[in-house]
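All remarks here apply to the structure that follows.
6 protein chains.
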Amino acid sequence: MSDTAATREERFASGMAVLDAMHDASGHGVIESLADIAPELGHQIVAWGYGDILSRPGLDPQQRELVTLGLLTAMGGAEAQLEVHIAASLNVGLTPEQIIEVFLQSSVYCGFPRALNAVGAARRVFAEHGLLPLPEA
Amino acid sequence: MSDTAATREERFASGMAVLDAMHDASGHGVIESLADIAPELGHQIVAWGYGDILSRPGLDPQQRELVTLGLLTAMGGAEAQLEVHIAASLNVGLTPEQIIEVFLQSSVYCGFPRALNAVGAARRVFAEHGLLPLPEA
Amino acid sequence: MSDTAATREERFASGMAVLDAMHDASGHGVIESLADIAPELGHQIVAWGYGDILSRPGLDPQQRELVTLGLLTAMGGAEAQLEVHIAASLNVGLTPEQIIEVFLQSSVYCGFPRALNAVGAARRVFAEHGLLPLPEA
Amino acid sequence: MSDTAATREERFASGMAVLDAMHDASGHGVIESLADIAPELGHQIVAWGYGDILSRPGLDPQQRELVTLGLLTAMGGAEAQLEVHIAASLNVGLTPEQIIEVFLQSSVYCGFPRALNAVGAARRVFAEHGLLPLPEA
Amino acid sequence: MSDTAATREERFASGMAVLDAMHDASGHGVIESLADIAPELGHQIVAWGYGDILSRPGLDPQQRELVTLGLLTAMGGAEAQLEVHIAASLNVGLTPEQIIEVFLQSSVYCGFPRALNAVGAARRVFAEHGLLPLPEA
Amino acid sequence: MSDTAATREERFASGMAVLDAMHDASGHGVIESLADIAPELGHQIVAWGYGDILSRPGLDPQQRELVTLGLLTAMGGAEAQLEVHIAASLNVGLTPEQIIEVFLQSSVYCGFPRALNAVGAARRVFAEHGLLPLPEA
Chain S
1 MSDTAATREE RFASGMAVLD AMHDASGHGV IESLADIAPE LGHQIVAWGY GDILSRPGLD
61 PQQRELVTLG LLTAMGGAEA QLEVHIAASL NVGLTPEQII EVFLQSSVYC GFPRALNAVG
121 AARRVFAEHG LLPLPEA
Chain H
1 MSDTAATREE RFASGMAVLD AMHDASGHGV IESLADIAPE LGHQIVAWGY GDILSRPGLD
61 PQQRELVTLG LLTAMGGAEA QLEVHIAASL NVGLTPEQII EVFLQSSVYC GFPRALNAVG
121 AARRVFAEHG LLPLPEA
Chain R
1 MSDTAATREE RFASGMAVLD AMHDASGHGV IESLADIAPE LGHQIVAWGY GDILSRPGLD
61 PQQRELVTLG LLTAMGGAEA QLEVHIAASL NVGLTPEQII EVFLQSSVYC GFPRALNAVG
121 AARRVFAEHG LLPLPEA
Chain E
1 MSDTAATREE RFASGMAVLD AMHDASGHGV IESLADIAPE LGHQIVAWGY GDILSRPGLD
61 PQQRELVTLG LLTAMGGAEA QLEVHIAASL NVGLTPEQII EVFLQSSVYC GFPRALNAVG
121 AARRVFAEHG LLPLPEA
Chain X
1 MSDTAATREE RFASGMAVLD AMHDASGHGV IESLADIAPE LGHQIVAWGY GDILSRPGLD
61 PQQRELVTLG LLTAMGGAEA QLEVHIAASL NVGLTPEQII EVFLQSSVYC GFPRALNAVG
121 AARRVFAEHG LLPLPEA
Chain D
1 MSDTAATREE RFASGMAVLD AMHDASGHGV IESLADIAPE LGHQIVAWGY GDILSRPGLD
61 PQQRELVTLG LLTAMGGAEA QLEVHIAASL NVGLTPEQII EVFLQSSVYC GFPRALNAVG
121 AARRVFAEHG LLPLPEA
């Protein structure tokens, strides 16, 4: 947010560093998969989304993921993106139980179908990480 | 709704009786599939959703399913839940033709894409029940 | 649905008869308010929505209103249209208590905020009809 | 919009001519797939959607597809319909690059997840048309 | 979550204690405003929403409000509920700057219109609390 | 999109020039109204939304507004933003009749309530511009 000039490539590199800190391979895969069809969308997700917005201070990585889980659950139809952010939530230290608690809470505001779809996304991510069954279950 | 005390397990049992009366195996499957990842969500769907709300008088089972088909069609992204409630709608005596009429009507309020997705869910349920082609078709 | 030829005006008149049977002045007001800006939209709501779709057999007027209340509640941002259909629901014989029960049920599938907004629409309609407080309250 | 009388079948034929001009086989497939379950929905999509509305003057086919791409992207959960309209957009002369630009623009108003889902739909259509990788990519 | 029996009134009282700890008068106002039209909805919001779900351990009050701000922003049309939860977010110790940061972040996932509506809700709450202009602004 | 370095202020100025070309006072008002509460959101709307995305070639201003009208109509709850873009659509040369045609078309994909809300937004903008009643009406 300083007034230092930055090139398009510098802004991309700066965003990629933020993305690297949050995501595992599934996050990178989204960007790479755009290369042959919508490379500018990939650039903007990295340079703007990660570089300009998600890099800002004020909320820590766990807080940001809690917000994002809420946003993606309520939107509906964003299960692919939810999977990426469930993995990111684990990465920044949220426990599987906390992630599931987010989805249980969402049923109060968005109803059971959105909560069930979100848990379905969690199932795919947790299974890949060898986390199932959850100990509390 | 009386003021009689009930335990957590009694409330669950009471909801399960309502669920049993409405759904076939697909309804039970949803609850069972949560056991290893989000058992509390399964408990709340049964104890609160079925036990406290759907069990209330004031609307009969066919009326409740008509409302639910409307809700799930308009939400979008709830096709899995729609399949469960299309089967429940047959269970409580709505005809396949009435269910399709609900989705045709929904196109007036939500447009053709939501109606088409709902009919796609109906196709999967009706095929499983050996109901296709519909006689009127 | 017969193969009898109908003119544009005949189709409109046929829809208007259906609209007349369902709605009071608030329904007509929607169509009239479009005259100076979007008369074709008004025509299509009447000729197609009411004339071609809502006039169909298969679901009776109470069943159709239950579906519509579900659709409009779940969509969100359709409170103006919900007011028109809450009035229509009273017109076709649903009780105020049944209408409120629809919105309570919707909280299971869409969460409390949508239910609260729908009850807010019901409050405006019920107050206009001198129905508040409801006896059960 | 003349006041000439038309039969149900004439209205259907008129809509089918509009559909033929816009869509390739994927558009026809939607209508045909409804024959055994919801033939009236298929009829109304053609006779009303294409015959009465999309056939109107005032917007040319490219303008109409731009609007439709916007509508379907923002709705979410309409990826199947988006595929049909991405193919139609190519049919009426929009370039693959323009279609991708629509989805990039949508991220400003609807966020990246809806844009990513729309690009996913474009990938399936472009691949089928042998258009990948795009030259600019 | 113990298996101790509880009456309907005990469950309500337990939820009301949670609501008291989170909300100021605007939260109570929602429940009271339902008394003459939908008292059962008010009961369920308190007894189930607050008593059974939001009272659970696993997420602390700040974490829960971050999730709720995300959910309500993405849903759209829930600005009234967002105002209540912006006030609750201040109550549990989130700063005005953090709340605004949540809405800026939401533009990445839901686009600028949803973010702008959420900031509009924050403006009304912050003004009432004498917090405007924000120091950083 | 060149690789020339730009400062934060240069990027803002570049976006403001695009915004100036599209919008009248209502567009500027949105940005100014954020100054005391969410100035960074205002900055990003201008620098990223207008400067990086809407300024891109590939779609002309009329095409971009057609897409935006589609997006905002389908989202629901974005009537304030729709008003700004209806005014912008007039600015870039779309006629009032074409704008209304967009909303009529939207009823095919999103249903009548969204179309009616969009026409309501158009009414407010057209009235302010002294355009009502429309000549065709």
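Chains S, H, R, E, X and D, in that order, give the protein sequences.
When we follow full-length UniProt numbering, the leftmost residue of the first sequence carries the number 1, and every step to the right adds one.
When we follow full-length UniProt numbering, the leftmost residue of the second sequence carries the number 1, and every step to the right adds one.
When we follow full-length UniProt numbering, the leftmost residue of the third sequence carries the number 1, and every step to the right adds one.
When we follow full-length UniProt numbering, the leftmost residue of the fourth sequence carries the number 1, and every step to the right adds one.
When we follow full-length UniProt numbering, the leftmost residue of the fifth sequence carries the number 1, and every step to the right adds one.
When we follow full-length UniProt numbering, the leftmost residue of the sixth sequence carries the number 1, and every step to the right adds one.
Every residue gets a Cβ at the ideal spot worked out from N, C-alpha and C, and that includes glycine.
Taking the CB atoms as reference points, tell me whether G29/S and L71/X lie closer together than 9 Å.
-> no
At 7 Å on the CB atoms, spell out the chain D contacts of F112/H, in chain order.
-> V108, Y109
Beta-carbon of M1/H versus every beta-carbon of chain R: anything under 9 Å?
-> Because the pLDDT of M1/H is 46, which lies under 50, any placement of that residue in the model is unreliable, and the number read from its coordinates should be weighed accordingly. Not one chain R Cβ lies under 9 Å of M1/H.
From G130/S to A122/S, what does the alpha carbon distance come to, in whole angstroms?
-> 12 Å
From this set, L41/D, A47/D, L90/D, which residue's C-alpha is nearest residue 178/D's C-alpha?
-> Given that chain D is displayed from residue 1 to residue 137, the structure contains no residue 178/D and the question cannot be resolved.
Residues that L134/E contacts on chain S, provided the C-beta gap is smaller than 9 Å | D36, I37, A38, P39
Expressed to the nearest angstrom, what Euclidean distance is found between the alpha-carbon atoms of A127/H and F103/H?
-> 17 Å
Going by other Cβ atoms of all chains shown within 10 Å of its Cβ, with 16 needed for buried, is P113/R buried or exposed?
-> buried
In three-state terms, what does DSSP make of A122/H?
-> helix
Cα-Cα separation, M1/X to E10/X | Model confidence at M1/X stands at a pLDDT of 46, short of 50, so the residue's coordinates are unreliable and nothing is read from them.
Between V125/H and chain R, is there a C-beta pair that is closer than 9 Å?
-> no
V84/X CB to nearest chain C CB: under 9 Å?
-> In summary, chain C is missing from the structure at hand, where the protein chains are S, H, R, E, X and D.
Just the chain X side, please: which residues come within less than 7 Å of M75/D by C-beta, in chain order?
-> G76, P113
C-beta atoms of M22/E and L54/E nearer than 9 Å = yes
Does the beta-carbon distance from A87/E to D24/E come in below 9 Å?
-> yes
Less than 9 Å separating the beta-carbons of S14/E and G51/E?
-> yes
Of all the CB atoms in chain H, is at least one closer than 9 Å to the CB of L69/E?
-> no
Give the straight-line distance between the Cα atoms of I100/D and H85/E, rounded to the nearest whole angstrom.
-> 21 Å
For the alpha helix (DSSP H) containing H85/R, list its first residue and its last residue.
-> 79–91
Below-9 Å beta-carbon distance, Q44/X vs any chain H residue | yes
Integer Cβ distance of T73/X from S106/X, believed to fall under 8 Å = 5 Å
Pick helix, strand or coil for A6/X, following the three-state DSSP scheme.
-> strand
Compare the Cα-Cα distances from A115/S to each of Y109/H, G58/H, I37/H, R56/H and report the closest residue.
-> I37/H
Could you name the residues of chain E that V30/S contacts, counting a contact when the two beta carbons are closer than 8 Å?
-> L116
Taking only beta-carbon atoms, is F103/S less than 9 Å away from chain H?
-> yes
Quick one: residues in its chain with C-beta nearer than 7 Å to the C-beta of A118/D, no 5 flanking neighbours on either side, listed in chain order?
-> T73, L82, F103, S106
Helix, strand or coil: which one does DSSP assign to M1/D?
-> Any reading at M1/D needs caution, since the residue's pLDDT is 46, under 50, leaving its predicted position unreliable; the model's value is listed next. Three-state result, M1/D: coil.
Contacting residues, own chain, Cβ-Cβ under 6 Å from C110/S (five flanking each side not counted) | A74
May I ask you to report which of helix, strand or coil DSSP gives L132/R?
-> coil
If I'm right that T7/S touches A5/D with Cβ under 8 Å, what's the distance once you round it to whole angstroms?
-> 5 Å
Taking the Cβ atom as the reference point for each residue, do L132/R and E97/R lie within a distance shorter than 9 Å?
-> no
Three-state secondary structure assigned by DSSP to I37/H = coil
Rounded to whole angstroms, what's the CA-CA distance from E49/S to V108/X? Just pull it up for me.
-> In the sequence as displayed, the identity of residue 49/S is Gly instead of Glu. Looking at the two C-alpha atoms, the distance is approximately 6 Å.
Does the Cβ-Cβ distance between G77/S and G58/H come in under 9 Å?
-> no
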